[in-house]
Amino acid sequence: AALILLLFLLAAGNSPLGATTGQAPADEFVYYLPFIRSNDSGPPPQATPTPTSTPTTMPDPVVILPNHSTCTSIIGTMYVVGEIQNNSQDYVRFVKLTMNVFDKDGKLLGSDSPLVSMNVVNPGEKACFKASLDEPDGWDQYAFSDLNYNSEGEPLTGLVVANHSGVYKPELLGRYVISGQLRNESSQTTKFAKAVGTIYNASNTVIGCATDFIDGFHLNPGQMGSFEIIFGGRDYVDFDSYKIEASGSPE
């Protein structure tokens, strides 16, 4: 970089340029020009703009998934089955929702508020639910509301599903039956041990949700118990896959 200093001294007399005279005479004018700094390496750097931050949208902690469905049994009971998903890092328990049924004008015709099938839903996991009521005359649509839960659940460990299988029974009004066993591999007794079954069609829509407590209800450490989950209320001819989970309460 080059540093240029210009100093012009204009005086009425013949004082030499740059002479030190103490106090400048009244008829003497002194002009000071500013320093000029140049950079031979190129233009001065441009300021980097500060990126605009984009707000992060956090998912709802617990949500009702859109893969729900409805059916009406031969005795006039309306069922709505589906799943919730736990998007939080908590072990949520006592998850409860409300299903409302309306006519075409939006008038409420009936509702049901079931608990989901699992006592505790682990982080990232799903659990099925089944709402039911006498089918209202003239109903047009249903919707969900009031999803409530407790975030202070504890994980259930050591309760595993074993030796399970499913079979479609067209001779029994199209029921589907899943049988198997639960085994307690923990060091404490599991009370009210039950198997939870969810049935899906080929589009991954929930078409069935049911549970069954094991024989004797409780499982001591190392003990096994049998279950048989019977899915009724409709013909499950469109069955494609199922999921079995173990639930209960540690002693």
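When you read off a place in the sequence shown, starting at 1, and then add 25, the result is the number in the working numbering. From the three backbone atoms N, C-alpha and C, an ideal C-beta is built for every residue, glycine too.
Is DSSP giving residue i helix, strand or coil here?
i: Glu196; result: helix
i: Leu122; result: strand
i: Leu90; result: coil
i: Ala227; result: coil
i: Thr182; result: coil
i: Ser211; result: coil
i: Glu270; result: strand
i: Tyr261; result: coil
i: Gln248; result: coil
i: His243; result: coil
i: Phe256; result: strand
i: Asp237; result: strand
i: Ser204; result: strand
i: Ser176; result: coil
i: Ser66; result: Model confidence at Ser66 stands at a pLDDT of 48, short of 50, so the residue's coordinates are unreliable; what they give is reported in the following sentence. It is coil, neither helix nor strand.
Can you tell which of the options has its C-alpha closest to the C-alpha of residue i?
i: Gln110; options: Asn209, Leu198, Phe154; result: Phe154
i: Asn226; options: Pro86, Ser94, Gly178, Val88; result: Ser94
i: Glu196; options: Asn92, Val262, His189; result: Val262
i: Gly273; options: Cys234, Gly247, Asn229, Val221; result: Val221
i: Ile239; options: Val231, Ile232, Gln248; result: Gln248
i: Lys268; options: Ala152, Leu134, Ser228, Val141; result: Ala152
i: Lys194; options: Gly258, Ser176, Asn188; result: Gly258
i: Leu158; options: Arg208, Leu134, Asp85, Gln213; result: Leu134
i: Cys234; options: Tyr104, Ser190, Val88; result: Tyr104
i: Val192; options: Phe119, Gly241, Ser266, Met124; result: Ser266
i: Lys219; options: Ile100, Ile89, Pro148, Met143; result: Met143
i: Lys121; options: Phe127, Val106, Val141; result: Val141
i: Phe119; options: Gly178, Pro246, Gly241; result: Gly178
i: Thr236; options: Asn173, Thr223, Ser228; result: Thr223
i: Asp162; options: Leu244, Phe242, Phe217, Phe127; result: Phe127
i: Asn188; options: Ile100, Thr214, Thr102, Gly250; result: Gly250
i: Val186; options: Glu276, Gly149, Ala271, Pro91; result: Ala271
i: Lys132; options: Glu108, Tyr174, Gln166, Thr102; result: Gln166
i: Asp130; options: Trp164, Asn147, Pro246, Glu150; result: Trp164
i: Ala209; options: Phe264, Asp85, Asp260, Glu276; result: Here residue 209 turns out to be Asn, not Ala, going by the sequence shown. Among Phe264, Asp85, Asp260, Glu276, the Cα nearest to that of Asn209 is on Glu276.
i: Phe217; options: Phe242, Ser211, Ser228; result: Phe242
i: Asp260; options: Ile89, Ile99, Asp85; result: Ile99
i: Gly149; options: Ser190, Asp85, Ser211; result: Asp85
i: Tyr174; options: Pro139, Gly101, Pro246; result: Pro139
Rounded to whole angstroms, how far is the Cβ of residue i from the Cβ of residue j, which I believe are closer than 8 Å?
i: Ala156; j: Asp137; result: 4 Å
i: Glu160; j: Thr230; result: Glu160 to Thr230, Cβ: 20 Å. No contact.
i: Ser176; j: Asp115; result: 4 Å
i: Leu207; j: Leu181; result: With 8 Å as the limit, Leu207 and Leu181 do not qualify as a contact, their Cβ atoms being about 11 Å apart.
i: Val87; j: Ser113; result: 7 Å
i: Val117; j: Ile232; result: Wrong, their Cβ atoms sit about 25 Å apart, outside the cutoff.
i: Leu244; j: Thr214; result: 7 Å
i: Glu108; j: Asn92; result: 6 Å
contact_flag[the stretch 253–262, the stretch 199–211] where n(CB pairs < 8 Å) is 3 or more: yes
Of all the alpha helix (DSSP H) runs that stay within the bounds of the stretch 95–122, which reach a length of 4 or more residues? none
Please go through the stretch 124–174 and give each complete beta strand (DSSP E) segment of 3 or more residues, from N-terminal end onward. 133–137, 151–159
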